[in-house]
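In what follows, a structure is listed as structure tokens, so that the remarks can point back to it.
Number of protein chains: 2
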Amino acid sequence: MDKNRQILLAKRPQGLPDQSTFKFEETSVPKPGDSQVLVRSHYLSVDPYMRGRMNDTKSYAAPFEVDQPLTGGVVGEVVTSNHPDFTDGDFVTGRLNWADYTAADGAYVQKINPETAPITTALYVTGMPGLTAYFGFMDIGQPKAGETVVVSGAAGAVGMIVGQIAKIKGCRVVGIAGSDEKVTYLKHELHFDEVINYKTSGNIREALKTACPNGIDIYFDNVGGDITDAVLLQLNFHARVALCGQIAHYNAEKVESGPRFLPYLLTRSVLLKGFIVRDYADRYEEGINALAKWLNEGKIKYKETIVEGLENAPDAFLGLFRGENLGKQLVKVID
Amino acid sequence: MDKNRQILLAKRPQGLPDQSTFKFEETSVPKPGDSQVLVRSHYLSVDPYMRGRMNDTKSYAAPFEVDQPLTGGVVGEVVTSNHPDFTDGDFVTGRLNWADYTAADGAYVQKINPETAPITTALYVTGMPGLTAYFGFMDIGQPKAGETVVVSGAAGAVGMIVGQIAKIKGCRVVGIAGSDEKVTYLKHELHFDEVINYKTSGNIREALKTACPNGIDIYFDNVGGDITDAVLLQLNFHARVALCGQIAHYNAEKVESGPRFLPYLLTRSVLLKGFIVRDYADRYEEGINALAKWLNEGKIKYKETIVEGLENAPDAFLGLFRGENLGKQLVKVID
């Protein structure tokens with residue numbers, strides 16, 4: 025308990041990150057200052073957007089600093105509190121270090137109630153990925169019952185929530201995923217109407233045509249690349265595209281080439297909107313309430329892929345780009 | 025007066041249309057049926073979107089029929105009326121034939137008042153191009169004073185109205201056009217803040233950086249292609265893109281390749297929306313009122329390029345793709 029293991033950004037990756045991107049070190053446990061709490065990490069959230077923060081470029085989130093701990097969504101327990109709102113034993117979530125311990129300002133962590141739901145849901149269904157799914161799909165997608173929704177990265181953390189919200193809203197849901205295990209889970213556990221395994225389906229455009237006989241009204245994009253190219257050329261008039269992730273391109277070292285689809289978006293009066301969950305910060309309560317209700321009612325199910333041990337967090341992150349995770353990728357830090 | 029000249033679609037063009045796309049014929053003057061009016065054309069509107077209607081593909085407007093007259097915006101005079109709302113001598117506008125005469129259902133033409141404004145403004149500032157500029161810029165652009173607006177095809181019919189509305193709304197306006205004559209007109213007559221001649225500016229990205237030191241908040245796109253590529257990679261966080269025209273691609277015979285900019289739209293939370301003016305059909309009155317007011321107040325000026333003679337309409341259309349027109353391209357049909 026007197027040592028603090030942490031994972032630092034060793035250097036900014038060129039292209040695909042690897043183990044050399046990360047550095048592991050042990051320091052002493054930090055001492056919380058005034059108004060701070062010392063949080064012992066239980067679970068870390070591992071998210072594709074973190075790749076963007078490894079670059080030293082203008083984006084929605086400030087870049088990680090080289091030789092500083094990576095940060096991300098964490099749930100943990102308050103072990104020392106210098107803030108009046110918190111006492112030892114409180115469970116909290118916040119953007120904390122990839123470390124055993126973080127000393128954080130009390131204003132920047134939120135208390136969670138371990139009685140109402142498993143604490144990891146604060147990193148998933150009622151946390152950032154759930155809110156991302158909720159606002160992107162509801163606000164940009166503007167779903168109407170009977171419409172056809174396509175979700176790429178459908179078996180990822182955000183994708184599987186999007187598909188379930190779409191079902192709740194009465195839409196026909198077609199998922200795109202990359203393994204038979206994922207396809208089976210989405211079809212039989214989450215009741216997606218159709219799921220395409222893009223690795224085995226052959227021509228993705230033809231597979232989409234078959235799966236979407238009435239065209240595509242809403243596309244929730246987590247991936248970019250060839251899959252998105254195929255979808256964008258099959259959109260209906262007045263379709264909406266929520267641009268949530270572009271994992272196919274996060275490791276690109278320069279601007280890649282692809283089909284020009286603006287003429288298609290024009291003639292179909294398509295709305296395409298990039299977004300980050302923070303765009304909806306003033307509506308988080310609405311989103312959390314809706315998601316918690318659906319979760320309690322059993323209308324939203326979820327799947328977590330949990331890796332044990334802080335030291336395995338880098339590999340869990342690299343696994344995102346190999347498409348290994350089903351649902352939310354987490355790292356369990358405590359024994 | 026007993027002959028009716030008309031221009032038909034001879035065949036669907038592959039790529040760039042040419043004179044062989046069109047066929048000229050003389051028939052007898054049609055007789056208006058019940059509830060119809062016979063309209064003698066004074067001016068035809070020549071618009072880039074007509075290229076799309078020459079293809080036999082799903083789009084927002086039904087394709088032209090081969091061996092049938094082309095249709096488009098026309099202003100003319102009622103010479104025979106079988107409809108109670110119209111009398112001989114009324115000026116009207118509607119989607120009519122590229123011909124001396126059209127027999128049209130009275131329900132599909134609108135009366136215009138030649139006393140309040142020149143009749144050609146019904147094909148321009150207070151007609152389809154003006155409304156296109158108004159709704160695309162106001163509804164998708166959501167301009168705020170002080171923001172930087174870039175307009176491509178700035179010296180075209182829609183572009184020059186967009187730029188002027190942007191000035192009315194207190195924005196900094198940067199136009200992109202293709203000749204020194206156009207640049208001079210936009211800068212000195214319409215008071216654009218900066219105008220880039222993309223044919224002589226060298227690197228368009230550098231020219232944009234210089235012209236837009238605070239980045240780009242709104243992009244109104246009439247052209248697509250390299251110009252749009254350059255703009256899309258320089259957008260500010262929460263920028264809006266109104267996708268109005270893609271003239272660089274209208275003659276493409278297959279999907280072309282270009283840079284993948286979805287990752288950029290994502291990380292900047294950009295809104296991109298294709299639209300056609302008909303999306304705003306229930307708000308036309310608002311648009312017409314605003315445009316007519318600005319026109320009367322002298323806050324919107326306009327330029328027309330008028331070709332004389334119905335027989336020259338095909339060449340006027342082909343000229344759009346050579347970038348010949350300054351402002352609205354019209355054909356004067358009557359002597």
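Which chain is which? The protein sequence lines are F and D, in order.
Going by my numbering, the first residue of the first sequence is number 25, and it counts up by one from there.
Going by my numbering, the first residue of the second sequence is number 25, and it counts up by one from there.
Every residue, glycine too, gets a C-beta built ideally from N, C-alpha and C.
Counting of Cβ neighbours within 10 angstroms places Ser44(F) among the exposed residues, the total staying below 16. Residue contact with chain D for Gln270(F): present (Cβ-Cβ distance below 8 Å to some residue of chain D). If you compare the alpha carbons of Ala190(D), Pro108(D), Ala157(D) with that of Gly298(D), the shortest gap goes to Ala157(D). The beta-carbon distance between Arg36(F) and Asn79(F), rounded to whole angstroms, is 6 Å. This is short enough to meet the 8 Å contact definition. Rounded to whole angstroms, the gap between the alpha carbons of Leu289(D) and Ala266(F) is 11 Å.
Val102(F) and Ala178(F) have their C-alpha atoms spaced approximately 35 Å apart.
Lys211(D) has its alpha-carbon roughly 35 Å from the corresponding atom of Gln134(D). Cβ-Cβ distances below 7 Å link Gln92(D) to Leu32, Leu33 in the same chain, with the five nearest sequence neighbours on each side left out; the list follows chain order.
Ala86(D) has its alpha-carbon roughly 10 Å from the corresponding atom of Met74(D). Residues of chain F with a Cβ closer than 7 Å to the Cβ of Glu89(D) do not exist; the shortest Cβ-Cβ separation is about 19 Å.
In the same chain as Gly282(F), and ignoring 5 residues on each side of it, the C-beta atoms closer than 7 Å to its own belong to Asp253, in chain order. Distance from the CA atom of Gly194(F) to the CA atom of Ala201(F), rounded to whole angstroms, is 21 Å.
In the structure shown, Asp359(F) adopts coil according to DSSP, grouped into three states.
Within the same chain, and ignoring the five residues on either side of Gly39(F) in sequence, the residues whose Cβ sits closer than 6 Å to its Cβ are Asn275, Glu277. Leu40(D) carries a coil assignment under DSSP once its states are collapsed to helix, strand and coil.
Taking a cut-off of 8 Å for Cβ pairs, the region 311-319 of chain D and the region 305-322 of chain F do not touch, as fewer than three such pairs fall below it.
Interface flag for Lys297(D) against chain F is set, since a Cβ pair is found closer than 8 Å. Chain order gives the chain D residues near Leu290(F) as Leu267, Gln270, Gly298, where near means a beta carbon separation below 7 Å. In the same chain as Ala231(D), and ignoring 5 residues on each side of it, the C-beta atoms closer than 6 Å to its own belong to Ile220, Ser225, in chain order. Counting along the chain, Thr208(F) sits inside the alpha helix (DSSP H) bounded by residues 204-208. Shown here, Pro287(F) sits in a helix according to DSSP, grouped into three states. Scanning chain D for C-beta atoms nearer than 7 Å to the C-beta of Pro237(F) yields nothing, as the closest lies near 15 Å away.
With respect to the 8 Å criterion, Phe159(F) and Arg264(F) are not classified as neighbours on the basis of their beta carbons. At a C-beta separation below 8 Å, Ser293(D) has these neighbours in chain F: Tyr84, Lys297, Gly298, Phe299, Ile300, Asp303. Using beta-carbon distances, Thr252(F) counts as an interface residue toward chain D, with a partner under 8 Å. For chain F, the residues of the region 272-288 of chain D that bring a beta carbon within less than 7 Å of one of its beta carbons are His273, Val279, Glu280, Ser281, Gly282, Pro283, Arg284, Leu286, Pro287, in chain order.
When rounded, the separation of the alpha-carbon atoms in Trp122(D) and Ala128(D) is 13 Å.
Cβ atoms of Tyr326(D) and Val149(D) come within 8 Å of each other, at about 5 Å. Sequence-distant partners of Asp114(D) (beyond 5 residues in either direction) whose C-beta falls short of 6 Å from its own C-beta, in its chain, are Val102, Lys135. Residue contact with chain F for Gly39(D): absent (no Cβ-Cβ distance below 8 Å to any residue of chain F). The continuous stretches of beta strand (DSSP E) do not include Ile228(F), which lies in the alpha helix (DSSP H) extending over residues 228-235. When the five nearest sequence neighbours on each side are left out, the beta carbons in the same chain lying within less than 6 Å of the beta carbon of Val247(D) are those of Ser176, Gly177, Ile271, Ala272, in order along the chain. Within the region 115-163 of chain D, the runs of beta strand (DSSP E) at least 3 residues long that lie entirely inside it are, in chain order, 115-121, 125-129, 133-136. Listed in chain order, the non-local C-beta contacts of Ile189(F) below 6 Å within the same chain comprise Phe161, local neighbours out to five positions each way being set aside.
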